[in-house]
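Taking it in order: structure first as structure tokens, then the write-up.
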Amino acid sequence: MHNVLIIGAGQLGSRHLQGALLSENQLNITVVDPSQASLDISQERAGQVEFGNTKSTVTYVTAIPQNKSIDVCIIATAAQVRAVVTRQLLAFNKVTHIIFEKVLFQKLAEYTEVTQLLNDANTVGWVNCPRRLFPTYTTLKQCLDVEQPIKMVVQGNAWGMACNSVHFLDVFAYLVDNASLELTGSELDPELIESKRAGFYETTGKLSFVAGNHSLVVESGQSDIPDLVVSIENANTKYSVNEVAGTWIQNVGENEIEHTHTPLFQSQLTGGNIDELLLSNTCGLTPFAQSCDLHIPFIKAQLTHMSAVLNKELDACPIT
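Shown next, in the form of structure tokens:
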């Protein structure tokens, strides 16, 4: 029996639960959320899947347990409380692995703080940026020559640039084998968009980064019609992933080959991640330290921009 803890039982946490229940390992799963309504959502969704192991169990509670030995914990809370939750979790429990949701933290100081907490507790951290597990991007990685410059551009409209850019910073680092990301340009639009979630904002415009001799641009226009294309150039070959249309194209010379792009849902992924961690103490997700290196320049850019637009010095970046 392996102990799994899921903190945060809302939309995403409930999908993690569905995925965990597909594990063939016998799991003792505890789901934590102060909201009974969120726990009810998770319980309902748990009933929609067939257990990978019929002996697995699920318990729903409103507070983080204490004095437990936990094999894998998934922290699927909102970003603004994630560091506090991590501190509380590790103060009273022994945890082998933590899978964090993104955006990791809103405050820059929390990246250092949680790194120290993990080190002190001898806990291994991972960050759930799952595009590096998608078949399209694992195939692209095999096609690219990292000895030659890789130019990647993420461009679209209404794709949630503030809350979702980290996914593309991550897949860029995965493709180029380099997480030493440096911001080289910030051309964000002077208007902030109020998020559907109160107190949070979205941004549009353009951010530019480099990692070694590779470059990344993430850009969002102001149209309300969703579209999102990831373009990659490397060694005289061009690739284009249309995340909305569900296709990706490889251009070699005059030849164009079209493939199907199939994203994987969280409920398809979590069980496999847990099984990998239980079997080998590693998994395909992003190591925590590497993800911090990707988050920090992005959070700094957003903090600087939002502070200027709102005309006040922010210490917490209002994105999640």
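Take 1 as the starting number for the sequence shown in our numbering and just add one per residue.
Glycine residues also receive a C-beta, built at the ideal position from the N, C-alpha and C atoms.
Proximity of residue i and residue j at Cβ, strictly below 9 Å
{"i": "S69", "j": "N25", "result": "no"}
{"i": "D33", "j": "I74", "result": "no"}
{"i": "I64", "j": "L5", "result": "yes"}
{"i": "T184", "j": "L192", "result": "no"}
{"i": "G199", "j": "L188", "result": "no"}
{"i": "P226", "j": "A158", "result": "yes"}
{"i": "M152", "j": "V252", "result": "no"}
{"i": "A179", "j": "L89", "result": "no"}
{"i": "L104", "j": "A79", "result": "yes"}
{"i": "F298", "j": "S215", "result": "no"}
{"i": "F134", "j": "L169", "result": "no"}
{"i": "H259", "j": "Q250", "result": "yes"}
{"i": "L27", "j": "V49", "result": "no"}
{"i": "S186", "j": "A301", "result": "yes"}
{"i": "V72", "j": "V31", "result": "no"}
{"i": "I98", "j": "V124", "result": "yes"}
{"i": "G19", "j": "G271", "result": "yes"}
For residue i, three-class secondary structure by DSSP
{"i": "G8", "result": "coil"}
{"i": "C73", "result": "strand"}
{"i": "I249", "result": "strand"}
{"i": "S220", "result": "strand"}
{"i": "E202", "result": "strand"}
{"i": "K300", "result": "helix"}
{"i": "V49", "result": "coil"}
{"i": "L390", "result": "Residue 390 lies beyond the stretch modelled for the chain, which goes from 1 to 320, so this question has no answer here."}
{"i": "K238", "result": "strand"}
{"i": "S23", "result": "coil"}
{"i": "T86", "result": "helix"}
{"i": "H2", "result": "strand"}
{"i": "H214", "result": "strand"}
{"i": "V81", "result": "helix"}
{"i": "A316", "result": "coil"}
{"i": "L104", "result": "coil"}
{"i": "V244", "result": "coil"}
{"i": "V309", "result": "helix"}
{"i": "A179", "result": "coil"}
Within-9 Å CB hit, residue i to chain B
{"i": "V210", "result": "Of the chains in the structure shown, none is chain B; there is only one protein chain."}
The alpha helix (DSSP H) enclosing residue i, as first and last residue numbers
{"i": "F209", "result": "Per DSSP, F209 belongs to no alpha helix (DSSP H); it is in the beta strand (DSSP E), 205 to 211."}
{"i": "Q43", "result": "36 to 46"}
{"i": "I232", "result": "Segment 227 to 234 is the beta strand (DSSP E) holding I232; no alpha helix (DSSP H) there."}
{"i": "V114", "result": "108 to 121"}
{"i": "T139", "result": "135 to 143"}
Range covered by the beta strand (DSSP E) that runs through residue i
{"i": "Q155", "result": "150 to 157"}
{"i": "I99", "result": "94 to 100"}
{"i": "I64", "result": "Run containing I64: none; DSSP gives neither H nor E here."}
{"i": "G271", "result": "Premise fails: G271 lies in the alpha helix (DSSP H), 266 to 280, not in any beta strand (DSSP E)."}
{"i": "K196", "result": "Here K196 belongs to no beta strand (DSSP E), and DSSP marks it neither H nor E."}
{"i": "L27", "result": "27 to 32"}
{"i": "V166", "result": "Here V166 belongs to no beta strand (DSSP E); instead the alpha helix (DSSP H) covers 161 to 176."}
{"i": "L188", "result": "182 to 188"}
{"i": "V124", "result": "124 to 127"}
Residue i: CB within 8 Å of a non-hydrogen atom of the ligand COA
{"i": "V84", "result": "Although the ligand COA was asked about, the structure shown includes no ligands whatsoever."}
Residues that DSSP places opposite residue i in a beta bridge
{"i": "T59", "result": "T30"}
{"i": "L17", "result": "Answer is none; L17 lacks a bridge partner."}
{"i": "N255", "result": "V252"}
{"i": "T262", "result": "The partner list for T262 (beta bridge, DSSP) is empty, contrary to what the question assumes."}
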